[in-house]
Each structure stands twice: as structure tokens, then as C-alpha cells.
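Residue numbers (the UniProt record's numbering): 1 to 387. Don't be surprised by glycine CBs; every beta carbon is placed ideally from N, CA and C.
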Amino acid sequence: MIDFEVPEESRLLVDTVKRFIEKELAPLEQKVEDSGTVDPDLVRDLRRKSCELGLFAMTYPRDVGGGGLGTIDSCLVEEQCGWTSDALVRRAFGAIPGPIIHCQGEQRERYLLPAVRGEIDVGLGMTEPAAGSDAAAIRTTAKRDGKDWIINGTKHFITDGDFVDTVIISAVTDPEKGTKGISTFFVDKGTPGFRVARVQHMMGMRGVNHAELSLEDVRVGPEQLLGEEGAGLSQMLSFVNAYRLGGVGARAVGMASRVLALATDYARQRKQFGKPIGEFQMIQEKLADMVTDIFGVRMMVLNTAWEIDQGRDPREKVSMVKFHASEMLGRVVDRGVQIFGGMGYTKEFIMERLYRDARVLRIYDGTTEIHKMVIARSLMKNGVPAL
């Protein structure tokens, strides 16, 4: 028998996260939206409270101080995170890039453990002007100079690039080896030649800046090489599926659920022609489409998370979740704006912000078009999978 019951321990965790978001984060949303930033003193306070509850770095292994959550529990938590500002979630619960888990020796003490404790912030520098969804197309180089490495290149759209203390930079160390010739390095802020060239302001996601990073003859020692030389791309991609599933798929379910709750309440209260608009069939159709869309994606997320927890590698399913969840969110929030009418289009109401924030999910971590290509190619090569 297939059991869809959520274990009591998982329910308690989800309830704790939900209460924390409602009490500590939700009241700050408009302030972050208006200012475009999260005050450093506030960040410290949120992290202190989060750490006290064991909510910081929940997905990282227990042996490095994390919460050790499995994939299903991580996705259940990410659903709750979708109900509030991404900037506040990142500051309160941590946004530690996956490759950092490959730290060895002194790197664990210098980067990994402080990051998991919330003492430092680490960014991920993959994307370049000529390398977005095609992560292997990077042009940043790292060349040996004695024992050191000299890094040159440009990164852009780097999330929190202006905020973090250090960035994991991907660079080509051996152009003759193709994807096996890419390595990753820790580059600390303040290193000569490394600077934030500009902040790239986005349509949505206020409070989380994206930056263009310039590296001009940046010298780093051998201790800055993360893991083995040539393992950079595999390090970068090893965590991507987990993020696409939780940070995009499950988070989209949470964001869409919030839109649905707002739209349903409004449909009950708003009256036109002497009755609630929720009694009109066209509004009912929109609400029915929204809840059905959300339910379908949630089942996709949890099924794929279960497979990962069983030790399987459902990468095609992750691509299905990533593109379908992001497209679903776009449809749901568009219907939400339509139900609210003129109020949904004003900055006085949250729906306008949710509409802007939702749009980027169809772009980052592989566009919808890229993931459809991955799925189709798998079908052509391997046939229809066991769904």
C-alpha cells in the first residue's frame, strides 16, 4: 500500500517553520519591498532566532552542524518558504551553495562550518554573459603561476554577489579537457582584482540583489581550490537537481498556494451585481484551475523527492517539475491578478509583487525551453520512463 501520510515529526517541523514565517518574516515583507534590502542588524536577529530553533541550514548534514533533512522534508519546508519574501528566507534560513559540501581539510573550518553556523555568507559564481543554461560554456580562466592560480573573467546575475563574504567561482583550468577541465575556487571579498562591477536590478525579488563580478588577475593560493582540479562542473551540477526540486518546484507550490488563498478569500468577499464574485462561473473556473494546477505539481514534487530519498536519480522528473512548476505558478498568479481586477495591478496590494516575483522561476536554473529539451532527448534515447 502506498502511504501518503506525513509523519508526525515532519508535521511538527513544517508547523514550526510556518509559525516562524508568520511571526518573524511576514511582517517584514513590505519593508523589504520598499527598501530593496534587509537591514544587517535584522539579519543577525533573524539568524539568531532561526539557529535557536534549529532552522538554519536545515538541508545540510548533521555532522557539519546542519539539520540533516531528507529531500521530502526539505520540499515540505520549501512549500512554507514560498509563502514569504525570498530575501527574508535567504537571510533567516541560509542560502548556502551546494558545492561547499566538497570542502576538505582547513577549508571546512574556514568556509563550510562558519557558513552552516550563519557566521559568513557564501555565493555561487557560475553564470556569465555567454554561459547561462549552458554552464559548461564559461570563459573565466584560472591559470597556474607557481603554486598559485591567476583568475580572469566576468560573472553576472550572481545572486547576493554584493552581499556575500566569499564566492565560489567556476573557471576553466584546462581547456583541452572540456567539461573535465573546469574547477572551482573560493574567492574572498577584498582579494585584489576582485570587485563588484555593478548591481543588476531585477523586475522582482526585491531585497536579493544580483551582481556582475569582475576578476582581473585575481591571485588565489592552492588552498582556495575547492575539491579536486577538474571537478568543478560536477560539483556545481551535483546540487542543482535538489535546488530545482525544492527551491523552484516546492517553492512554486507555496507561492501559488498563497495566491490561491488570497484569491479565494477575495472571491468570497468582493461583491458585484449584488452577490460575491465567487458565485460567478468564470471566477469559479479560475479558482478550480488554480487549485488543480497546484495539486498536480505538489504530487510531482513529492513523488520525485521520494525517489531521490530512495537513492534514485530521477533527473528527467526533476526537469519536468522545474518547468511545469514554474509555468504553473505563472498561470496561477496571472489568474489571481485577474480575479482581483484593478486592485491586483496596483502596488498597494501584494498580488502585483507576487506577479513580478513569479516570472523569474521560468528562467533561472535552466529555462523552460532547456528542460523540455532535456526531457525530450531522454525520451528519444531511453524511451518512456516508468512514471
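- [ ] Answer yes or no: do Ala58 and Gly70 have a C-beta to C-beta separation smaller than 8 Å?
- [x] Correcting the residue type first, residue 58 is Met in the shown sequence and not Ala. Result no, Cβ atoms of Met58 and Gly70 do not sit closer than 8 Å.
Task: Buried versus exposed call for Glu316 [16 or more other C-beta atoms within 10 Å across all chains shown] - done: With 16 or more neighbouring CB atoms inside 10 Å of its own CB, Glu316 falls in the buried class.
Task: Three-state secondary structure assigned by DSSP to Pro97 - done: In the three-state DSSP reduction, Pro97 falls in the coil class, being neither helix nor strand.
Open item on the list: Closer than 8 Å is the cut-off here; do at least three beta carbon pairs connect the stretch 319-330 with the stretch 246-266?
Closed with: Enough Cβ pairs lie closer than 8 Å, so yes.
Task: Every unbroken alpha helix (DSSP H) within the stretch 69-95, with a cutoff of 4 residues, ordered by chain - done: With a minimum length of 4 residues, the continuous alpha helix (DSSP H) runs that stay inside the stretch 69-95 are 71-81 and 86-93.
- [ ] Can you grab the Cα-Cα spacing for the pair Arg331 / Met290, in whole Å?
- [x] Cα-Cα distance, rounded: 8 Å.
TODO: Measure the CB-CB distance between Ser214 and Ala197 and report whether it falls below 8 Å.
DONE: In terms of Cβ geometry, Ser214 and Ala197 form a close pair [threshold 8 Å].
TODO: Using alpha carbons as the reference points, say which of Val64, His371 and Tyr355 lies closest to Arg110.
DONE: Among Val64, His371 and Tyr355, the Cα nearest to that of Arg110 belongs to Val64.
Open item on the list: How far does the alpha helix (DSSP H) with Ile350 in it extend, from its first residue to its last?
Closed with: Annotation for Ile350: the continuous alpha helix (DSSP H) segment containing it runs Ile350 to Arg359.
- [ ] Determine, using beta carbons only, whether Val297 and Met328 come nearer to each other than 8 Å.
- [x] Their beta carbons are under 8 Å apart, which means Val297 touches Met328 by this criterion.
Task: Helix, strand or coil at Thr179 according to DSSP, with G and I counted as helix - done: Thr179 falls in the helix class under three-state DSSP.
Task: Cβ pair Asp165, Asp188 closer than 8 Å - done: The Cβ-Cβ distance between Asp165 and Asp188 falls below 8 Å.
Task: Among Glu223, Leu225, Glu229 and Gly190, the one whose alpha carbon lies nearest that of Thr179 - done: A check of alpha carbon separations from Thr179 across Glu223, Leu225, Glu229 and Gly190 identifies Glu229 as the nearest.
- [ ] Would you kindly work out how many angstroms separate the C-alpha atoms of Glu9 and Leu76, rounded to a whole number?
- [x] Looking at the two C-alpha atoms, the distance is approximately 12 Å.
- [ ] Give a yes or no on whether the C-beta atoms belonging to Gly82 and Arg258 are separated by under 8 Å.
- [x] Contact flag set, yes.
Task: Neighbourhood of Tyr266 by C-beta, 7 Å cutoff - its chain only, sequence neighbours within 5 removed - done: For Tyr266, where only same-chain residues beyond five positions count, the Cβ hits under 7 Å are Ile339 and Phe340.
Open item on the list: So for Asn382, helix, strand or coil by DSSP?
Closed with: The three-state secondary structure of Asn382, taken from DSSP, is helix.
Open item on the list: Is it buried or exposed, Gln269, if we count other Cβ atoms within 10 angstroms and call 16 or more buried?
Closed with: Classification for Gln269: exposed.
Open item on the list: Quick check on the burial criterion: 16 or more other C-beta atoms within 10 angstroms. Buried or exposed for Ala376?
Closed with: Taking every protein chain shown into account, the CB of Ala376 has fewer than 16 other CB atoms within 10 angstroms, so this residue is exposed.
- [ ] Could you say if the stretch 118-128 and the stretch 269-288 meet the contact criterion of at least three C-beta pairs nearer than 8 Å?
- [x] By the Cβ test, the stretch 118-128 is not in contact with the stretch 269-288, since fewer than three Cβ pairs between them sit closer than 8 Å.
TODO: Have a look at Thr346 and Glu52 and give me their C-alpha separation to the nearest angstrom.
DONE: In a straight line, the C-alpha of Thr346 is about 38 Å away from that of Glu52.
Open item on the list: Between Asp217 and Ile168, how many whole angstroms is the CB-CB distance? I'm expecting something under 8 Å.
Closed with: Contact between Asp217 and Ile168 is ruled out by a C-beta separation of about 19 Å, above the 8 Å threshold.
TODO: Measure the beta-carbon distance from Ser183 to Thr173 and round it to whole angstroms, keeping in mind my assumption that it falls under 8 Å.
DONE: Right, their Cβ atoms sit about 4 Å apart.
Open item on the list: Checking 8 Å against the spacing of the C-beta atoms, do Asp160 and Val220 come in under that value?
Closed with: When the beta-carbon positions are compared, Asp160 and Val220 stay at least 8 Å from each other.
Task: Proximity below 8 Å, CB of Phe157 to CB of Gln200 - done: Yes, the Cβ-Cβ distance between Phe157 and Gln200 is below 8 Å.
- [ ] Report the residue ranges of all alpha helix (DSSP H) runs contained in full by the stretch 184-267; include only those spanning at least 4 residues, in chain order.
- [x] The stretch 184-267 contains, as complete alpha helix (DSSP H) runs of 4+ residues, the segments 232-238 and 240-243 (chain order).
Open item on the list: With distance defined between alpha-carbon atoms, name the residue in Ile101, Ile350 and Gly118 nearest to Leu46.
Closed with: Comparing Cα positions, the closest option is Gly118.
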